[in-house]
Every structure is written in structure tokens, then in C-alpha cells.
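Only one structure is covered here, and it is reproduced in the block below.
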Amino acid sequence: MPDIYTPEWYEAMLSLANSRDDISEKVPQGEWKIAVEVVGDGKSPYVPEGTTKNYFIHLLNGKVVESKEYPDKVPGKGLNYRINGAASIFDGIAAEIVDPVEVGLNGTMTIRGDMRLLMQHADMVGVIFEVYAQSGLTEWPLGKPPYA
Amino acid sequence: MNKETYDAIVIGAGHNGMALSTYLGKSGWNVLVLERRLEEGGGLSTELYTESGFLHNLHSNYHTFVGLCPVYDDLDLVAEPDGVTYAHPPVQMGSIFADGTAITVHTDMAKTHASFSRFSKKDADTFLRLHKEVKGFQDLMIRTLMYAPPIDVNDITKALATWKVEDKTEFFRAKLRSMTINDFLNQHFENEKVKAMLAFHGAVCGYYTDVVGLAVSFPFMLGKIDNWKLCIGGSHRLAHALWRQMRRAGVTLLPAAPVGEILLEDGRASGVRLEDGTEFYADKLVASSVDLEQTFGKMLPAGAVPKETREEVESYKYQDGSLFTVHMAMHKVPTYKAASFDPDINQAWVLNIGYACLEDYSRDWAAIRKGEVPEEPRLNVAINSMFDPTDAPEGKATGMIRVFAPYSVDNKGPEVWSTPFKDVYAQKCVDKMLEHCDGFKQEDIWVQRPYTPKDISDKLVNMVDGDWMVGSISESNLMLNRPSPSLSQYRTPVKDLYLCGSTTHPHGFITFGPGYNALQAIAEDFDLDTWWVEI
């Protein structure tokens with residue numbers, strides 16, 4: 001796998017997601033648009049403090065059909081979910097040392113959008129984070145969490 | 149005969165009907181709102197009830213969803229130049245006990261912790277952990293569980309199990325579904341006064357502490373224990389703000405226009421006929437924000453809905469009790485003897501005077517269910533003038549005492565509230581407050597005037613049996629069960645007839661949830677551009 005947060009890393013991650021039939025089956029059919037905001041918090045060396053990496057992911061019938069990094073905040077109109085959290089939290093999830101549900105519950109990571117659908121497809125959430133947490137395949141050129 | 153056609157007709161200009169119509173108007177629809185009363189606002193009612201210059205909120209007084217409910221932002225209700233202003237009292241609430249002690253709940257949780265610690269350090273720590281835990285997912289859950297059409301509670305429970313939420317939280321448990329608020333408090337807290345203070349928060353929100361299943365909502369409620377806000381100039385100002393936005397959205401509001409009948413054409417709701425015979429037509433839909441009996445029993449012809457729906461409507465349950473209020477025009481703001489124990493009690497907005505343990509609540513609920521007026525009134529006191537100097541003449545104060553009370557007294561009917569009994573009981577309530585006051589005497593109350601459970605229903609017929617929550621708060625009448633499984637998604641068996649009032653999920657109170665959620669159903673059915681959804 002490539003270095004974390006590089007375009008190649010996201011490309012590889014999304015290819016991995018698209019290759020998993022269990023995801024395609026568990027993701028509700030239809031169109032879903034998700035913004036992910038990775039906020040530099042001074043702990044992660046991959047996102048400078050005070051900056052945010054803005055990603056947009058577009059799913060159609062269980063497959064990722066588009067993903068790209070935005071220079072600014074992804075416009076909220078038409079989005080289904082916006083996930084926001086500190087870079088060290090996202091790093092921690094990728095490194096499998098942070099539980100995504102736990103940080104969602106304690107508000108460290110915020111999820112905006114209609115949670116009803118996620119609740120009705122609860123298995124899907126686990127599988128998506130399972131794909132994200134490919135720590136063994138991710139390169140950490142500037143060091144790996146937990147950060148000192 | 150007047151015949152006008154609109155895209156949508158909304159029956160009832162309470163806050164839910166007003167909000168829904170404004171959203172639809174802003175979506176480009178031509179909307180008519182018809183209101184039985186002489187003014188808009190429903191429960192957002194403020195009147196000069198005692199004396200000229202003294203503003204009294206006759207129904208809604210506590211607005212606890214400002215900042216949590218999307219409607220305020222979507223419709224610019226708190227924005228410049230003409231939105232409402234809210235006061236956020238630093239000492240949100242307090243309890244005064246017979247032994248002269250007091251507890252206070254602050255917007256500053258460190259101060260709340262300090263107050264609770266005087267009774268139990270363990271409880272203070274527990275409360276802080278609970279509050280922090282709930283704050284983490286409060287916004288997410290409120291938007292999911294209140295500001296979206298309801299889903300099956302079993303789906304929620306299943307998701308929480310899949311995500312192993314119980315292993316990751318201290319207070320969130322599936323078994324809360326089979327517990328009362330009393331059970332929850334007894335499980336986690338040790339001091340009766342702390343429990344009484346926290347239970348008071350639930351009770352004032354309409355959540356009876358002994359109803360099985362309500363423990364599941366209680367942690368969320370405690371998460372907003374520091375979000376009690378007062379509408380400056382009276383709650384009716386919020387209705388004014390809504391009305392201004394309705395006008396800007398091109399919505400037509402007709403007061404004094406009671407709907408007598410919902411018109412049907414080819415099985416769809418096609419318009420309404422007023423009691424005076426005037427007809428208005430709707431190309432797209434009719435939405436009713438009034439109660440089920442009015443909608444299905446009086447406005448629709450017999451046979452318009454299936455027998456099962458009729459039966460569901462007829463078996464709809466209202467709250468066991470109502471509220472009896474004494475509105476007061478005062479020469480000054482009361483202060484309390486318990487201030488020698490906790491000076492902050494004199495700054496508390498909402499006061500519990502009388503509930504010292506959970507058993508006190510249970511006794512009152514039991515009495516009310518039997519139709520008995522609690523012999524010893526336990527009070528909910530609010531002196532709005534402490535935070536809103538506009539609601540009384542300079543140097544004077546407006547205040548109110550509320551107690552839980554039955555609609556029908558001793559099974560003799562609500563008419564008992566029209567007899568001198570109401571004044572006798574009002575004095576009893578005032579006396580109870582005065583017992584705890586320090587230097588504030590009967591003569592400091594210029595005028596006191598009761599407002600009874602019967603008055604509630606007489607003014608707002610929607611609030612059947614004086615029920616300001618417009619339906620019981622119990623597991624069998626929340627989420628998918630409110631008002632019934634077949635009506636829970638805001639649609640009805642009559643094509644193009646929707647429900648948007650407080651009989652629907654989540655419930656009464658100034659949540660805006662019913663109107664907002666009906667909008668989601670309507671948007672889906674009519675393929676509306678959901679401009680209000682900005683994730």
C-alpha cells in the first residue's frame with residue numbers, strides 16, 4: 001500500500017472497498033455522497049495543524065464511483081454524511097488502535113447526516129471501517145500511531 | 149362562494165403548522181394556513197393575563213431545543229434583524245428542600261458538580277460523567293431520533309448491539325427500554341435530593357418518572373439540562389418570528405377560520421370547508437396539525453379512513469395529568485431562605501419546591517391518575533423577569549407557579565376548575581412558595597390568577613384533557629407507535645392528507661419535530677428539492 005493520505009493510498013483503499021462483495025451487498029442501493037474532513041491537530045505528522053484534508057466519496061449501488069480531494073470544505077448540499085475528526089483519530093483508526101464507534105460516541109469524531117440508515121444497516125459500518133483499518137498495508141513514512 | 153386554490157393547505161397555526169408551511173412556501177409552493185383562533189402560535193401564547201404590562205406565558209415557557217433543532221437555523225428564527233432573542237439563565241434550575249438546603253443546576257457544569265457534591269460527591273461525579281457521555285452523541289441522536297421520521301426501536305437496539313455500544317458507554321443500555329426514570333436514577337445515584345433534582349428535569353418535560361420505558365430517553369434529556377432558554381418578550385415572540393418568515397415565504401395565514409371539513413375528491417384530500425361554508429382547494433396536499441379526533445373524527449366524513457385507523461384514533465391515549473398554574477404580577481422578585489445554604493438558588497430560573505425524593509413524584513402521579521389534586525402542592529416556580537426585564541413594568545416582576553394536576557377533579561369533570569376551588573388551590577400553591585421565601589410576602593404579589601387544566605383545553609382544543617404534550621409519553625406512544633404504527637410516518641390512509649402536529653413523533657413541547665418530520669415525508673412524496681438539508 002502507498003503512503004497514508006496520498007491520492008494513491010485513497011485510490012487503493014477505494015479499490016479494495018469496490019472489490020469486497022460484502023460491502024456492495026451491505027451498502028444500501030442508490031446514491032450516497034459522503035464528505036470526510038481530516039483536521040490537522042498537531043499530533044498527526046500527515047496533516048499540518050490548522051489545515052484540513054477534505055475528501056469527497058460518491059457511492060452508487062454499493063460501489064465507489066468517484067472520490068476526490070477538495071481544496072476547501074465540501075459543499076453540504078446534496079451530501080448524505082459528513083464525517084469530521086482530528087487527523088490523529090483517523091490515523092488511529094487506520095492503524096487499528098482507535099475504535100471508530102467509540103470516538104463517534106464521545107464526540108471526538110462527529111458524524112452528521114441521517115443516522116437512521118446507518119442503524120438499519122449497522123453491519124455495513126463495521127465492514128467499511130474494517131477496510132479503512134488496513135494498517136498492515138499502509139505505509140507510515142513519518143511514523144505510526146500512537147504518537148508520543 | 150369564495151373558492152381559492154393553493155398548492156397546500158395547513159390546518160392549524162401552531163408552531164408546527166407554521167414551520168411546515170414556511171418550508172413549503174420557501175420551496176415555491178403557494179400555501180394557505182387556517183387557524184381556528186384569533187391569532188397564530190398555538191402553545192406559543194403570551195398574554196397580559198394578570199395586569200397591564202405583565203406578560204405571562206400561558207402555555208410554553210421553557211424552550212430547550214434552541215441550538216439543537218434545525219428549524220431555528222433553517223427559518224432564521226433567531227437571526228437578525230427580526231428573529232427572537234433568547235436568554236440563557238446561568239443558573240438553569242434548582243431545588244429547595246424543607247430542611248433549608250438547596251441544589252442548583254448551572255450552565256457551568258463545574259458549578260453544578262460543586263452543588264451536587266454538597267450532597268454526594270459520588271453522585272456529582274456520576275452526573276458529570278453522564279452529562280459528558282451524552283453530550284458526545286447528543287447532536288447525532290437528537291437529529292436521528294427527533295428530527296427524522298421514526299424508525300423501529302428494534303432497529304436501533306440491534307444497531308447498538310452490532311456496534312457494541314454497551315461496551316463503550318457507561319449509561320447507554322438496551323435494558324433502559326424496560327426501566328422507569330426512577331429505576332435509572334436509583335441505579336446510578338445514591339442521594340435522594342440529587343435524584344429529586346434530576347427527576348424534576350424529566351417531569352417538567354412531561355416525562356413521568358414511574359412510566360416503564362422512559363429511562364431510555366432520560367440520559368438524552370439530561371444532556372440538555374443546561375439548554376433551558378427563555379424567549380425574551382414572551383414565548384409568543386417566536387410565533388411572531390415564524391409569522392414574519394411565513395410572510396416572506398408568501399404563505400397566507402387566515403386566523404378565525406375554523407375548518408369544519410376536509411374535502412375529498414376521488415379519494416384524495418382536495419381542500420377544506422370552513423365552518424362558515426367557505427371552501428379552499430389544494431392541488432397537492434392538506435396537512436393537519438390538529439389532534440386526531442378533530443382530524444379523523446370531525447373533519448373527515450365517516451368511512452373516509454379504514455376501520456383500523458378509526459380504532460387507532462379512538463384508542464389514542466393522552467397524558468394522565470395536566471398543569472395548574474398560578475400567574476403572578478409581583479412588586480419584586482422573590483428570594484429564598486435556602487439562599488443561606490446556596491446563594492445561587494436566588495438566581496435559579498426554574499425552581500422545584502417540594503419534590504424531595506422520587507417517592508414524592510410517585511405519590512403525585514398516583515393521585516393524578518385517580519383524579520385527585522395533590523393535597524400538598526409541589527411546585528415548579530419560574531420568575532421570568534429575572535432574565536427578561538421586558539416582561540413586567542420597571543421594578544416589578546412576572547412569575548408563575550405550576551403544579552401537576554388532573555384534568556377531571558375527583559372524577560367530577562373539568563368543570564370543578566371553573567368553581568372557586570381554583571382560587572383556593574391557587575392560594576395553597578402561593579402559601580407553599582411563601583413558606584420558603586425570605587422577606588417576600590403575600591402583599592408583594594399584586595395580582596395572582598390561576599390558569600387551570602380546563603383553561604388549557606378551552607383555549608387550545610388540540611390539547612385534549614389539558615394535555616400539553618398532546619398524547620401520552622409512554623413507550624406505547626413514542627417513535628413508531630406515535631400516534632399509531634399506521635400513522636407514524638405523517639401520511640394517512642387518505643391520499644394527500646398528512647399529519648404534522650404534536651400527536652405525531654416526537655411529541656408536544658416546542659420541538660418543531662412533528663412539522664419538520666412531516667416535511668421530510670412530503671418532500672419525498674413530491675420530490676421536493678430539500679434546500680434545508682445542508683450536511
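So the sequences go chain by chain: X and Y.
Numbering (my numbering) for the first sequence: 1 to 148.
Numbering (my numbering) for the second sequence: 149 to 683.
Backbone N, C-alpha and C fix where the C-beta goes; we use that ideal spot for every residue, glycine too.
Once you ignore the five residues that flank residue i on each side, which residues in its own chain have a CB closer than 6 angstroms to its CB?
{"i": "Ile83 of chain X", "result": "Val36 and Ile111"}
{"i": "Arg550 of chain Y", "result": "Leu471, Thr473 and Asn528"}
{"i": "Pro525 of chain Y", "result": "Val551, Lys576, Cys577 and Lys580"}
{"i": "Ser605 of chain Y", "result": "Met611 and Gly614"}
{"i": "Ser208 of chain Y", "result": "Gly191, Leu192, Ser383 and Ile658"}
{"i": "Leu448 of chain Y", "result": "Ile410"}
{"i": "Thr233 of chain Y", "result": "Ile380"}
{"i": "Arg416 of chain Y", "result": "Lys643 and Asp644"}
{"i": "Ala504 of chain Y", "result": "Phe245 and Ala344"}
{"i": "Thr198 of chain Y", "result": "His475, Ala477, Val595 and Arg597"}
{"i": "Gly113 of chain X", "result": "Asn80 and Tyr81"}
{"i": "Leu182 of chain Y", "result": "Ile159, Leu402, Ala405 and Val407"}
Check for me: the alpha helix (DSSP H) holding residue i runs from which residue to which?
{"i": "Tyr132 of chain X", "result": "Ala122 to Tyr132"}
{"i": "Ala389 of chain Y", "result": "His384 to Arg396"}
{"i": "Arg277 of chain Y", "result": "Lys269 to Leu293"}
{"i": "Lys316 of chain Y", "result": "Val313 to Lys316"}
{"i": "Ser326 of chain Y", "result": "Unbroken run through Ser326 of chain Y: none, as it is neither H nor E."}
{"i": "Thr260 of chain Y", "result": "Met257 to Ser265"}
{"i": "Ile139 of chain X", "result": "First, the residue type needs correcting, since residue 139 of chain X is Glu and not Ile in the sequence shown. No alpha helix (DSSP H) contains Glu139 of chain X, which DSSP labels as neither H nor E."}
{"i": "Lys306 of chain Y", "result": "Val301 to Thr310"}
{"i": "Trp32 of chain X", "result": "Where Trp32 of chain X is concerned, there is no enclosing alpha helix (DSSP H), although the beta strand (DSSP E) it sits in stretches over Glu31 to Val39."}
{"i": "Leu105 of chain X", "result": "Pro100 to Leu105"}
{"i": "Glu682 of chain Y", "result": "Taken as a continuous stretch (DSSP letters only), Glu682 of chain Y belongs to no alpha helix (DSSP H), as it is neither H nor E."}
{"i": "Leu693 of chain Y", "result": "Since the displayed chain Y opens at 149 and closes at 683, residue 693 of chain Y lies outside it and no answer follows."}
{"i": "Gly408 of chain Y", "result": "Looking at the DSSP string, Gly408 of chain Y is not in any alpha helix (DSSP H); the run it does join, the beta strand (DSSP E), is Val407 to Glu413."}
{"i": "Ile501 of chain Y", "result": "No alpha helix (DSSP H) holds Ile501 of chain Y; the beta strand (DSSP E) holding it covers Val498 to Ile501."}
Determine, using beta carbons only, whether residue i and residue j come nearer to each other than 8 angstroms.
{"i": "Leu411 of chain Y", "j": "Glu427 of chain Y", "result": "yes"}
{"i": "Ala250 of chain Y", "j": "Ala486 of chain Y", "result": "yes"}
{"i": "His655 of chain Y", "j": "Asn665 of chain Y", "result": "no"}
{"i": "Ser44 of chain X", "j": "Asp91 of chain X", "result": "yes"}
{"i": "Ile23 of chain X", "j": "Val127 of chain X", "result": "yes"}
{"i": "Asp374 of chain Y", "j": "Met289 of chain Y", "result": "no"}
{"i": "Val131 of chain X", "j": "Met13 of chain X", "result": "yes"}
{"i": "Pro237 of chain Y", "j": "Trp497 of chain Y", "result": "yes"}
Can you give me the Cβ contacts of residue i inside the same chain, cut-off strictly under 7 angstroms, excluding the 5 residues immediately before and after it?
{"i": "Gly350 of chain Y", "result": "Ile329, Thr357, Phe366 and Met369"}
{"i": "Glu195 of chain Y", "result": "His204 and Leu206"}
{"i": "Glu66 of chain X", "result": "His58"}
{"i": "Trp32 of chain X", "result": "Leu59 and Asn80"}
{"i": "Ala574 of chain Y", "result": "Val474, Gln596 and Pro598"}
For the candidate residues the options, whose alpha-carbon lies nearest to that of residue i?
{"i": "Met166 of chain Y", "options": "Y:Glu672, Y:His207 and Y:Leu386", "result": "Y:Leu386"}
{"i": "Leu180 of chain Y", "options": "Y:Val434, Y:Thr640 and Y:Pro482", "result": "Y:Val434"}
{"i": "Ala363 of chain Y", "options": "Y:Ile621, Y:Phe660 and Y:Gly649", "result": "Y:Ile621"}
{"i": "Phe267 of chain Y", "options": "Y:Ala515, Y:Asn375 and Y:Glu340", "result": "Y:Glu340"}
{"i": "Pro554 of chain Y", "options": "Y:Leu390, Y:Met394 and Y:Gln467", "result": "Y:Gln467"}
{"i": "Lys144 of chain X", "options": "X:Glu130, X:Met115 and X:Ile97", "result": "X:Ile97"}
{"i": "Val282 of chain Y", "options": "X:Asn106, X:Gln134, X:Pro146 and X:Asp21", "result": "X:Asn106"}
{"i": "Ala296 of chain Y", "options": "X:Ile93, X:Arg116 and X:Asp123", "result": "X:Arg116"}
{"i": "Lys306 of chain Y", "options": "X:Val64, X:Leu118, X:Gln134 and X:Val131", "result": "X:Leu118"}
{"i": "Ser200 of chain Y", "options": "Y:Glu542, Y:Asp673 and Y:Asp492", "result": "Y:Glu542"}
{"i": "Arg517 of chain Y", "options": "Y:Asn559, Y:Leu506 and Y:Ser418", "result": "Y:Asn559"}
{"i": "Leu378 of chain Y", "options": "Y:Gln240, Y:Gly173, Y:Val564 and Y:Ser510", "result": "Y:Gln240"}
{"i": "Asp592 of chain Y", "options": "Y:Pro403, Y:Thr546, Y:Tyr573 and Y:Glu462", "result": "Y:Thr546"}
{"i": "Pro75 of chain X", "options": "X:Asn61, X:Tyr55 and X:Ala94", "result": "X:Tyr55"}
List the endpoints of the continuous beta strand (DSSP E) containing residue i.
{"i": "Ser243 of chain Y", "result": "Val239 to Ile244"}
{"i": "Phe56 of chain X", "result": "Thr52 to Leu60"}
{"i": "Met478 of chain Y", "result": "Ser470 to Met478"}
{"i": "His254 of chain Y", "result": "Ala250 to His254"}
{"i": "Asp155 of chain Y", "result": "Lys151 to Ile159"}
{"i": "Val152 of chain X", "result": "Because residue 152 of chain X is not part of the residues shown, which for chain X are 1 to 148, the question remains open."}
{"i": "Leu370 of chain Y", "result": "No beta strand (DSSP E) contains Leu370 of chain Y, which is instead part of the alpha helix (DSSP H) from Phe366 to Gly371."}
{"i": "Gly113 of chain X", "result": "Thr110 to Gly113"}
Residues in its own chain within less than 8 angstroms of residue i by CB, not counting five upstream and five downstream?
{"i": "Leu582 of chain Y", "result": "Phe588, Lys589 and Gln590"}
{"i": "Ser636 of chain Y", "result": "Pro297, Pro298, Met627, Leu628, Asn629, Arg630, Thr652 and His653"}
For a test of your reading of the model: does the CB of residue i fall under 7 angstroms from any non-hydrogen atom of the ligand MN? Yes or no.
{"i": "Val521 of chain Y", "result": "Questions concerning the ligand MN fall outside what the structure shown contains, since it holds no ligand whatsoever."}
Write down every uninterrupted run of the beta strand (DSSP E) in the stretch 523-570 of chain Y whose length is 3 residues or greater and which is fully enclosed by it, in chain order. Counting whole runs of 3 or more residues, the stretch 523-570 of chain Y contains the beta strand (DSSP E) stretches 527-530 and 545-553.
I'd like the ranges of any alpha helix (DSSP H) spanning at least 4 consecutive residues and lying wholly in the stretch 570-648 of chain Y. Listed in chain order, they are 601-607.
Give, in chain order, every unbroken run of the beta strand (DSSP E) that is at least 3 residues long and sits entirely within the stretch 433-467 of chain Y. none
Scan the stretch 160-203 of chain Y and note each continuous alpha helix (DSSP H) run of 4 residues or more that stays entirely inside, going in chain order. List check, alpha helix (DSSP H) in window: 163-174.
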